[in-house]
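*Asks:* Dumping the structure here so I can ask a few things about it.
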Amino acid sequence: MKRHGRDNFYIVGEGVYTARRDEVSVRQDPTTVAALRKFRFSRLGPLGEPADDTQRQINEDVAVAMTTDVAADPDSDIPAGFTYLGQFVDHDLTLDKTAVHLGQDVTVAELLQGRSPALDLDSLYGLGPGRESRFYEPDGVRLRLGATIGVNFPPGDSVANSDQQGFDLLRSGQGSTPAERRAAVIPDLRNDENLAVAQTHLMFIKFHNAVVAKLVGDGTPSSLLFAEARESVVKHYQWMLRHDFLPRIVDEAIVDDVFTNGRRFFEIPMPYQDDDPDLYRKAYLKRPGPSRCYVRPGDTPTMPVEFSVAAFRFGHSMVRESYEWNRVFRTAGPGGPGLLDLLFRFSGTSGNLSPTGDINDPNSPGLERLPSNWIADFRRLFDFRDADRPDLVPADGINMAKRIDTLLVDPLGKLPLGAFGGRPELPGAVDRALNLAFRNLTRAGMVRLATGQQMAGLLEVEVLKPEDIINGSGGAVIPTSPDGQAGLTEGQKAFFAEHTPLWFYILREAELAGGKLTGVGGRIVAEVFHRAMEGSTHSIVRDPSWRPTFGPDPDTFRMVHLLLTAVQGVESSLFPLG
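Here's what the structure looks like:
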């Protein structure tokens, strides 16, 4: 899967749902081979109603409301870097590792595992050095880094005006077109669709290389070096997600319940000690739906569409319109603030790595590597006081993510075409098709998601009152119009309040809870993360005795500790522009 916004879903037991230009989905029954070659989704809740013309009009009005009233949208207490860490995680969960093998001999086991969600950093490692050597140094152990290109802005700036090795993703540099030469040499090009996620990916490369250096220093045999490094990196990553990322975005009581007592709703662990096939069959049949069945830890995981299409799209509401990006691109700097539009522009997948040219033309002339003046200052994206390093906090402060709620910043109302996996033919009118809120709401109907109210009943949490759906708490204001020409009629508004699209419902839940996923959204996200860790090749869920070795103590490893480890003692590498 290379596309940021998927337009087809293979749901186990149902078939393939594919969007057409009229935004109506078509379900097809795949052959056995086709099924194996599809990324496997499942359905946690009941089958929802397909979208009709009335629902699509409601979606359009609601999407406009979600992307226009941003002035009052408050900041959260979550450092902005976690927004793009979440995007990096999403790409890890949904990378199709077997795509490069289409047309080649692939075992059934590879197809099943390669097209399944797991938190194993396959978006960083691909298929490993033996099969995708282009991502690796000649030693077959360390991951490759690229260099930025010096530009004359600000004039006389020694860092910005010169090339900087190790501060950009490696780029192809080959091909007959600028787009080919700009392409990042990484397993998942979605990790170069905006500069923030690209620089996050870069720091994971550096973290892996730092772990390798530590293992070399400890005398690890070269034959074991890559395998041991990858296991250590993956487990530290999972620990950080469990103890640093998830508690910031999900009600901590839900996270603790799931990771202490296990999952209650999604692919529930098998309660039997033996492998009697008849017992397993009976246990499977007890649950209504593929993702409500019992599983054994080694079974291949699936991903519920309720997570992919709704719950884990909460991060869209955390995106800021602009960032104090580094010393050059900030409000008080010579380049002004780092606008969100520019973070798309200075990427290889959505932009052209250049300050000029048509962002929607992948072959627009200009630079073919990241300019040195756009290297991230990670002190402005994460709070190093979490590592007891107040000295690494800039004097003018840290970017904070927007609150998780029903508002999206205006630039997400009209994304560049490259954010949709290239320059595809989009369904429907172009303006609304580029509105991220409209696309999210439309996909719910495409795969027939249950409503928020249906999922609340299923997950045994309190259902939001209709007046809370409509009014919220400082979020999107549902537009009302007596004739329906400039908003929802009273009848449409009443329908929306009782049959709320799951994505909007989860965001409204979080908004009413002060900016954290709770209820429906919190339960879905926590349980899917737990299952994705359990189903990974390396797993802190299956190895509960494992503890971090790169944090300050055996129980602590946060994202800031990952970043400090990644720079291997050269702390100025967190902010090379000063």
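Read in this note's numbering, the sequence shown has 424 at position 420, and its numbers run on one by one without any break. Ideal placement from N, C-alpha and C gives every residue a C-beta, glycine not left out. Since the structure is predicted, the reported quantities are computational estimates derived from the model, not experimental observations.
Residues in the same chain with beta-carbon distance under 7 angstroms from F386, minus the five sequence neighbours each way, listed in chain order, please.
*Replies:* Indexing the sequence shown from 1 puts residue 386 at position 382. Around F386: P83, G85, M563, V564 and L567.
*Asks:* Need the endpoints of the beta strand (DSSP E) that M404 sits in, please.
*Replies:* Position 400 of the sequence shown, counted from the first residue, corresponds to residue 404. Note, M404: beta strand (DSSP E), M404 to K406.
*Asks:* Put G573 into one of helix, strand or coil per three-state DSSP.
*Replies:* Along the sequence shown, one-based indexing puts residue 573 at 569. Note: G573 maps to coil in three-state DSSP.
*Asks:* One question on the structure: do L48 and F208 come within less than 8 angstroms of each other, judged by their Cβ atoms?
*Replies:* Numbered from 1 along the sequence shown, position 44 holds the residue referred to as residue 48. Numbered from 1 along the sequence shown, position 204 holds the residue referred to as residue 208. Cβ atoms of L48 and F208: not closer than 8 angstroms.
*Asks:* Let's test the definition: count the other Cβ atoms within 10 Å of the Cβ of T58 and tell me whether it reaches 16, buried, or not, exposed.
*Replies:* By 1-based counting over the sequence shown, the position of residue 58 is 54. It is exposed - the Cβ of T58 has fewer than 16 other Cβ atoms within 10 Å.
*Asks:* Taking 6 angstroms as the limit between beta carbons, can you name the residues of its chain near A480, skipping five residues before and five after?
*Replies:* Stepping through the sequence shown from its first residue, residue 480 is reached at position 476. A69, M70, T410 and L411.
*Asks:* Round the Cβ separation of I190 and F139 to the nearest angstrom and send it over; I've been treating them as touching at under 8 angstroms.
*Replies:* What you label residue 190 is simply residue 186 of the sequence shown in a count that begins at 1. What you label residue 139 is simply residue 135 of the sequence shown in a count that begins at 1. Sure, about 7 angstroms apart at Cβ, within 8 angstroms.
*Asks:* Can you list, in chain order, the residues of its chain whose CB lies under 6 angstroms from that of L51, leaving out five sequence neighbours each side?
*Replies:* Mapped onto the sequence shown, residue 51 falls at position 47. Here the set comprises R452.
*Asks:* Please name the residue, chosen from V545, Q572 and S577, that lies closest to V238 on a Cα-to-Cα basis.
*Replies:* Numbered from 1 along the sequence shown, position 234 holds the residue referred to as residue 238. When each option's Cα is compared against that of V238, the closest is V545.
*Asks:* Could you give the distance in angstroms between the alpha-carbon of G150 and the alpha-carbon of E232?
*Replies:* Residue 150 sits at position 146 when you count from the first residue of the sequence shown. Residue 232 sits at position 228 when you count from the first residue of the sequence shown. Rounded to whole angstroms, G150 to E232 spans 24 angstroms at the Cα level.
*Asks:* Looking only at its own chain, which residues have a Cβ that is under 7 angstroms from the Cβ of N195, when we skip the five neighbours before and after it?
*Replies:* Walking along the sequence shown from the start, residue 195 turns up at place 191. The residues are F92, H95, S127, V201, A202 and H205.
*Asks:* Would you please state the rounded distance, in angstroms, between the beta carbons of E271 and R535? I believe it to be under 8 angstroms.
*Replies:* As a working mapping, residue 271 is identified with position 267 in the sequence shown. As a working mapping, residue 535 is identified with position 531 in the sequence shown. At roughly 5 angstroms, the Cβ-Cβ gap stays under 8 angstroms, so E271 and R535 are in contact.
*Asks:* Tell me whether L228 is buried or exposed, calling it buried when 16 or more other Cβ atoms sit within 10 Å of its Cβ.
*Replies:* Taking the sequence shown and counting its residues from 1, one reaches residue 228 at position 224. Exposed: under 16 other Cβ atoms inside 10 Å.
*Asks:* Closest by CA to D390, which one among H247, D260, A514 and L440?
*Replies:* Here residue 390 corresponds to residue number 386 of the sequence shown, with the count starting at 1. The residue with the shortest Cα to Cα distance from D390 is H247.
*Asks:* Here's the rule I'm using: 16 or more other beta-carbon atoms within 10 Å means buried, otherwise exposed. How should Y21 be labelled?
*Replies:* In the sequence shown, residue 21 corresponds to position 17, counting from 1. Buried, since its Cβ has 16 or more Cβ neighbours within 10 Å.
*Asks:* What are the partner residues of G342, as DSSP defines its beta bridges?
*Replies:* Residue 342 sits at position 338 when you count from the first residue of the sequence shown. Per DSSP, Y327.
*Asks:* Considering only the beta carbon of each residue, do L440 and L416 sit closer than 8 angstroms?
*Replies:* Taking the sequence shown and counting its residues from 1, one reaches residue 440 at position 436. Taking the sequence shown and counting its residues from 1, one reaches residue 416 at position 412. The answer is yes: Cβ separation under 8 angstroms.
*Asks:* Given a cut-off of 8 angstroms, decide if F318 and G644 are closer than it, judged by their beta-carbon atoms.
*Replies:* With the chain represented from 5 up to 582, any question about residue 644 goes unanswered, as that position is not in the structure.
*Asks:* Where I408 and F579 are concerned, what is the direct C-alpha to C-alpha distance, given to the nearest angstrom?
*Replies:* In the sequence shown, residue 408 corresponds to position 404, counting from 1. In the sequence shown, residue 579 corresponds to position 575, counting from 1. If I take the Cα positions, the gap works out to 28 angstroms.
*Asks:* I think P141 touches R148, with their Cβ atoms under 8 angstroms apart; what is that distance to the nearest whole Å?
*Replies:* Counting from one through the sequence shown, the residue named residue 141 turns up at place 137. Counting from one through the sequence shown, the residue named residue 148 turns up at place 144. Looking at the sequence provided, one finds Glu at residue 141 rather than Pro. Rounded to the nearest angstrom, the Cβ distance from E141 to R148 is 6 angstroms, consistent with a contact under 8 angstroms.
*Asks:* Tell me the residue span of the beta strand (DSSP E) that contains P470.
*Replies:* Locating residue 470 in the sequence shown gives position 466, where the first residue counts as 1. Not the beta strand (DSSP E): P470 falls in the alpha helix (DSSP H), residues P470 to N475.
*Asks:* Cβ atoms of I473 and R512: under 8 angstroms apart, would you say?
*Replies:* Numbered from its first residue, the sequence shown carries residue 512 at position 508. Numbered from its first residue, the sequence shown carries residue 473 at position 469. Their beta carbons are under 8 angstroms apart, which means R512 touches I473 by this criterion.
*Asks:* Taking F316 as the reference, give the member of Q496, S176, R373 and F533 with the closest Cα.
*Replies:* Taking the sequence shown and counting its residues from 1, one reaches residue 316 at position 312. When only C-alpha atoms are compared, the closest one is F533.
*Asks:* How is S46 classed by DSSP in three states: helix, strand or coil?
*Replies:* Numbered from 1 along the sequence shown, position 42 holds the residue referred to as residue 46. Looking at S46 - three-state DSSP - the assignment turns out to be strand.
*Asks:* Have a look at A517 and T493 and give me their C-alpha separation to the nearest angstrom.
*Replies:* Taking the sequence shown and counting its residues from 1, one reaches residue 517 at position 513. Taking the sequence shown and counting its residues from 1, one reaches residue 493 at position 489. Taking the straight line from one Cα to the other gives about 28 angstroms.
*Asks:* Reducing DSSP to helix, strand and coil, say where S80 ends up.
*Replies:* For the purposes of this step, residue 80 is taken as residue 76 along the sequence shown, with counting starting at 1. Here S80 sits in strand by DSSP.
*Asks:* Do G342 and F348 come within 8 angstroms of each other at the CB atom, strictly closer than that value?
*Replies:* On the sequence shown, position 344 is the one that residue 348 refers to. On the sequence shown, position 338 is the one that residue 342 refers to. With contacts defined by Cβ atoms closer than 8 angstroms, F348 and G342 do not form a contacting pair.
*Asks:* Am I right that L346 and E325 are in contact with their C-beta atoms under 8 angstroms? What's the rounded C-beta distance?
*Replies:* Mapped onto the sequence shown, residue 346 falls at position 342. Mapped onto the sequence shown, residue 325 falls at position 321. Not really, about 11 angstroms apart at Cβ, beyond 8 angstroms.
*Asks:* Per DSSP, which residues does M307 bridge with? Please list them.
*Replies:* In the sequence shown, counting from the first residue as 1, residue 307 sits at position 303. Answer is F45.
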